[in-house]
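Before any comments, here is the structure.
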Amino acid sequence: MAKVDAARALELLRRGSAQPGAAFRDGQEEAIRHVVEGHGRLLVVQKTGWGKSFVYFIATKLLREAGGGPALLVSPLLSLMRNQIGAAERMGVRAATINSSNPTEWAAVAQEVVRGNVDILLISPERLGNEEFQRTVLGPIAPTISLLVIDEAHCISDWGHDFRPHYRLIERTAKSLPPNVRLLATTATANDRVMADLHSILGDNLVVSRGDLARPSLTLQAIRIPDQAGRLAWLADTIPGIEGSGIVYTLTVRDADLVARWLRSKGIDAAAYHGGLDDDKRVYREDQLLRNELKVLVATTALGMGYDKPDLAFVIHYQMPGSVVHYYQQVGRAGRAIDSAYGVLLSGSEETEILDYFIESAFPSRDEVTKILDVIERSETGLSIPKIMAGVNLTKSRIEKAIALLALESPAPIVKDGTRWQLTAAPLAESFWDRAERLTALRREEQAEMRGYIACPFGEQMRFLIRALDGDAAGIPSPLLPPLAEAASEATVQEAIDFLKRTNLPFEARKRWPDGGLPRYQRAGMATGEVNGNIEANRRACDGRALCTLGDAGWGEKVRVGKHRDGRFGDDLVGACVRLVKEWNPQPAPEWVTSVPSLRHPQLVPDFAARLAIALGLPFSPALEKTEPRPEQKAMSNSTFQARNVDGSLGIVPGNVPSGPVLLVDDIVGSRWTLTVAAWLLRRHGSGEVWPLALSMAGSEA
0 MAKVDAARAL ELLRRGSAQP GAAFRDGQEE AIRHVVEGHG RLLVVQKTGW
50 GKSFVYFIAT KLLREAGGGP ALLVSPLLSL MRNQIGAAER MGVRAATINS
100 SNPTEWAAVA QEVVRGNVDI LLISPERLGN EEFQRTVLGP IAPTISLLVI
150 DEAHCISDWG HDFRPHYRLI ERTAKSLPPN VRLLATTATA NDRVMADLHS
200 ILGDNLVVSR GDLARPSLTL QAIRIPDQAG RLAWLADTIP GIEGSGIVYT
250 LTVRDADLVA RWLRSKGIDA AAYHGGLDDD KRVYREDQLL RNELKVLVAT
300 TALGMGYDKP DLAFVIHYQM PGSVVHYYQQ VGRAGRAIDS AYGVLLSGSE
350 ETEILDYFIE SAFPSRDEVT KILDVIERSE TGLSIPKIMA GVNLTKSRIE
400 KAIALLALES PAPIVKDGTR WQLTAAPLAE SFWDRAERLT ALRREEQAEM
450 RGYIACPFGE QMRFLIRALD GDAAGIPSPL LPPLAEAASE ATVQEAIDFL
500 KRTNLPFEAR KRWPDGGLPR YQRAGMATGE VNGNIEANRR ACDGRALCTL
550 GDAGWGEKVR VGKHRDGRFG DDLVGACVRL VKEWNPQPAP EWVTSVPSLR
600 HPQLVPDFAA RLAIALGLPF SPALEKTEPR PEQKAMSNST FQARNVDGSL
650 GIVPGNVPSG PVLLVDDIVG SRWTLTVAAW LLRRHGSGEV WPLALSMAGS
700 EA
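In numbering that gives the first Met the number 0, the protein residues as written are 0 to 701.
Okay, here's the thing in structure tokens:
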């Protein structure tokens with residue numbers, strides 16, 4: 000059995016931290032000794048910034064020096080572990096990763112691992128379900144693995160706040176490894192329910208090292224500001240007065256972009272960070288914040304648990320997160336290595352709708368699963384995801400999520416063969432639905448708990464969090480900093496309203512037809528071979544603009560009222576679109592205006608487009624007609640169904656298509672298929688470039 004040399008362990012800590020005078024925090028050396036000396040499986044529950052990564056990297060180095068095999072680390076945060084890997088390399092630990100961001104390196108990394116040239120291999124939980132990884136990497140090294148590390152172990156638990164389906168594979172992996180393999184699990188957030196679940200999954204002999212969860216450097220505050228403009232104004236008025244840099248968290252990508260644009264318009268160095276950015280841009284923005292080149296990084300949860308900037312002066316939430324555990328994890332980014340920092344939660348009116356959507360979409364319904372299994376069963380050779388989309392009116396994301404969850408059942412009712420999914424002989428167990436119901440009920444409880452947090456008086460928030468995490472809330476000191484103002488100035492609120500009214504949203508034109516093309520136009524002899532594959536450049540719409548998002552602050556509510564209550568869009572929306580077109584300045588400039596037709600509301604959009612044409616000094620021509628009724632596009636859930644719903648339903652009014660560039664007006668844009676087909680018809684009948692303009696964006700066309 001390996002023994003820990005205390006002097007060697009301390010030397011590695013100092014090398015890794017690049018601090019010659021560094022000392023172990025309470026519990027760190029004991030955790031390293033427990034793992035290295037083989038005293039059983041260990042769960043470390045310590046607050047963010049405590050140094051959990053030092054425990055597993057130092058343990059790995061000591062085990063390798065004692066002749067042990069490599070370590071395997073499973074983490075959902077590989078893209079955010081660059082700092083930790085840098086620390087490992089300073090200790091002489093040879094770390095390598097196999098994940099979705101480096102597929103071209105997989106073969107070379109696998110060879111180095113098998114040859115023994117890697118000390119610790121970092122993988123995402125999804126890699127455990129990859130057959131090639133199991134065959135070429137995990138299989139050959141499994142007998143020699145000396146340590147299995149499960150980072151963010153709360154993700155294993157059905158009760159965990161950030162449950163990832165593929166973490167269920169860890170239970171099978173842990174149980175399949177030899178009994179002498181050391182196991183270390185780490186997390187910053189595990190209440191009693193999660194702890195009990197981890198004991199049942201990782202073994203009753205799991206030893207727990209649990210530290211103090213209180214963060215005395217954090218001054219917490221919750222402020223209810225229902226409207227978007229009020230919260231934007233509060234950020235602009237408040238952030239410049241806080242010394243240092245910080246993070247603003249939003250629930251959606253759209254809000255991350257919006258808040259960052261607003262703050263920049265107010266002279267605050269801000270950038271957005273979310274899953275829609277490529278890896279290089281995300282890394283660049285993380286580094287900008289680390290170097291204090293940004294005052295604010297406005298982020299979704301894509302900036303997650305692994306980001307480490309010890310001197311963050313504030314973490315502000317633009318909306319309420321879904322759970323206390325989520326909030327504790329995120330706000331805990333601030334004040335790690337400074338005496339005091341702010342953690343402020345701004346609660347808005349839209350957050351309930353957003354969080355309800357997250358909860359309701361977490362698991363597929365019985366009806367959705369039945370439809371997916373039925374369409375797969377009808378195919379003798381199985382179906383790819385695009386083929387399933389053609390047979391089931393569900394969004395791609397819901398199909399992919401359902402497939403992933405079904406494939407992880409044991410036994411699984413479906414199995415993948417290449418790119419195709421096929422049924423197995425195993426029925427879907429009722430326990431699948433029991434789990435879904437249990438987790439959905441838990442998410443509702445967590446949401447209600449967060450409302451309780453918001454209602455806390457100033458000074459009680461930290462105690463509330465610690466009690467909710469089943470920690471000891473006794474002796475928590477009062478906040479170090481004074482409370483921040485709870486409202487912005489009226490002048491800044493008005494500026495925020497004006498900003499929201501000036502904001503417009505670009506959207507890209509579709510460049511490919513759906514799989515299988517548009518059969519009805521093909522059968523009509525209009526487009527033999529023309530509506531398959533790529534859309535020809537001279538038949539394609541240009542990129543478009545939308546004035547707002549339906550129902551949002553700014554113009555969104557006026558669009559909703561005009562469409563659903565008044566049956567007419569007001570003249571103020573005409574003026575707003577005139578300003579949009581002038582700022583947009585599409586080139587070559589539109590020479591005429593037309594509109595998307597509708598049988599349900601035959602006058603709504605043409606009336607608006609005609610008034611807009613007059614205001615722009617352009618002629619209006621009703622060039623398009625609706626040839627037959629179809630269901631509303633919002634009833635179509637995926638791209639294939641949306642395209643088929645438009646197929647054959649639009650036509651050209653003979654003699655009404657001038658030759659110049661045209662502004663194509665619609666009220667709401669979602670899937671973009673209506674605008675794509677309309678532009679194709681206009682270009683096919685002699686128009687110039689087609690510039691789509693919508694009053695608002697929505698999840699799908701209404």
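Note that beta-carbon positions come from the ideal geometry of N, C-alpha and C, so glycine has one too.
The beta strand (DSSP E) with Ala340 in it runs from where to where?
-> Counting along the chain, the beta strand (DSSP E) containing Ala340 begins and ends at Ala340 to Ser346.
Go to Gln318, then tell me how far its alpha helix (DSSP H) extends in each direction, as first and last residue.
-> First-last for Gln318: undefined, no H or E at that position.
Check Pro139 in the structure and name its three-state DSSP category.
-> Per DSSP, reduced to three states, the secondary structure at Pro139 is helical.
For Val295 versus Ala255, is the C-beta distance shorter than 7 Å?
-> Going by C-beta atoms, Val295 is not nearer than 7 Å to Ala255.
Burial state of Ser430, where buried means 16 or more other Cβ atoms lie within 10 Å = Using a 10 angstroms sphere on the CB of Ser430, the tally of other CB atoms stays under 16, which defines it as exposed.
7 Å Cβ cutoff met for Ala487 and Trp690 = For Ala487 and Trp690, no; Cβs fall outside 7 Å.
Per-residue DSSP class, three states only, for Gly698 | Only weak support is given to the placement of Gly698: the predicted model assigns it a pLDDT of 45, under 50, and the value that follows is read from those uncertain coordinates. Of the three classes helix, strand and coil, the one that applies to Gly698 here is coil, per DSSP.
Inter-residue CB distance, Ala152 and Thr185 (contact presumed, cutoff 8 Å) | Indeed, because the Cβ distance is near 6 Å, the residues count as touching under 8 Å.
Does the stretch 246-264 come close enough to the stretch 376-389 that 3 or more CB-CB pairs lie under 8 Å?
-> Proximity of the stretch 376-389 to the stretch 246-264 falls short of the contact definition, fewer than three beta-carbon pairs being nearer than 8 Å.
Determine the DSSP secondary structure at Leu546, reduced to helix, strand or coil.
-> Note: Leu546 maps to strand in three-state DSSP.
Please determine, among Val247, Ala622 and Ala425, the residue with the shortest C-alpha to C-alpha distance to Ala411.
-> With distances taken between Cα atoms, Ala411 lies closest to Ala425.
Given a cut-off of 7 Å, decide if Gly39 and Val193 are closer than it, judged by their beta-carbon atoms.
-> Cβ atoms of Val193 and Gly39: not closer than 7 Å.
DSSP bridge partner residues for Arg181 (one or two, in chain order) | As computed with DSSP, Arg181 is found in a beta bridge with Leu146.
Kindly indicate if chain D contains any beta-carbon less than 7 Å away from that of Ser364.
-> Looking for chain D here will not work: only one protein chain is present.
What's the C-alpha gap between Leu483 and Ser216?
-> One Cα belongs to Leu483, the other to Ser216, and the distance between them is close to 16 Å.
Name, in chain order, the residues that DSSP records as bridge partners for Leu681.
-> Bridge pairing for Leu681: absent [DSSP].
CB-CB under 6 Å to Arg93, same chain, minus the five flanking residues each way: which ones, in chain order?
-> Shown here for Arg93: same chain residues with a beta carbon closer than 6 Å to its own, the five before and five after excluded, namely Val117 and Asp118 in chain order.
Where does Ala95 fall in DSSP's three states?
-> Here DSSP, grouped into helix, strand and coil, assigns Ala95 to strand.
Whole angstroms is fine: what's the gap from Leu137's alpha carbon to Leu176's?
-> Cα to Cα, the separation comes out at about 11 Å.
Could you tell me if Ile246 is buried or exposed, where buried requires 16 or more neighbouring beta carbons within 10 angstroms of its beta carbon?
-> That one is buried.
Taking all protein chains shown into account, do 16 or more other C-beta atoms lie within 10 angstroms of the C-beta of Val3, making it buried, or fewer, making it exposed?
-> Under this definition Val3 is a buried residue.
Considering Thr299, what are the terminal residues of the alpha helix (DSSP H) in which it resides?
-> Run containing Thr299: none; DSSP gives neither H nor E here.
Taking all protein chains shown into account, do 16 or more other C-beta atoms lie within 10 angstroms of the C-beta of Phe607, making it buried, or fewer, making it exposed?
-> Classified as buried, Phe607 has 16 or more neighbouring CB atoms from the shown chains inside 10 Å of its CB.
Mapping DSSP to helix, strand and coil, what is Ser208?
-> Ser208 falls in the strand class under three-state DSSP.
Quick one: residues in its chain with C-beta nearer than 8 Å to the C-beta of Ala5, no 5 flanking neighbours on either side, listed in chain order?
-> In its chain, beyond the 5 residues on either side, Glu28 have a beta carbon closer than 8 Å to the beta carbon of Ala5.
Which residues mark the beginning and the end of the alpha helix (DSSP H) in which Leu468 is found?
-> Membership of Leu468 in any alpha helix (DSSP H) is not indicated, and neither H nor E is assigned to it by DSSP.
Evaluate the contact criterion for the stretch 360-380 versus the stretch 390-406: three or more CB pairs, one atom per stretch, below 8 Å.
-> Contact holds: three or more Cβ-Cβ distances are below 8 Å.
Would you mind giving the Cβ-Cβ distance between Lys395 and Asn637, rounded to the nearest angstrom? I have them listed as a contact below 8 Å.
-> Distance from Lys395 to Asn637 at the Cβ level is roughly 6 Å; contact confirmed, criterion being Cβ atoms closer than 8 Å.
Would DSSP call Thr439 helix, strand or coil?
-> DSSP places Thr439 within a helical segment (H, G or I) once states are collapsed to three.
Which value, in whole angstroms, describes the spacing of the CA atoms of Pro19 and Ala271?
-> About 36 Å.
Between which two residues does the alpha helix (DSSP H) harbouring Val34 extend?
-> Where Val34 is concerned, the enclosing alpha helix (DSSP H) starts and stops at Gln27 to Val35.
Anticipated Cβ contact below 8 Å, Leu407 with Ile413, distance rounded = That belief does not hold up - the Cβ atoms of Leu407 and Ile413 are roughly 10 Å apart, past 8 Å.
Rounded Cβ spacing between Arg181 and Leu146 (contact assumed at less than 8 Å) | Indeed they touch by this definition, with Cβ atoms about 5 Å apart.
Pro691, DSSP secondary structure in three states = Residue state, collapsed to three classes: strand.
Among residues of its own chain, excluding the 5 on either side of Asn179, which ones have a beta-carbon nearer than 8 Å to its beta-carbon?
-> Closer than 8 Å at Cβ, skipping near neighbours: Gly37.
Assumed close pair Cys541, Glu688 - CB separation to whole angstroms, cut-off 8 Å = Yes, Cys541 and Glu688 are in contact; Cβ-Cβ is about 5 Å, under 8 Å.
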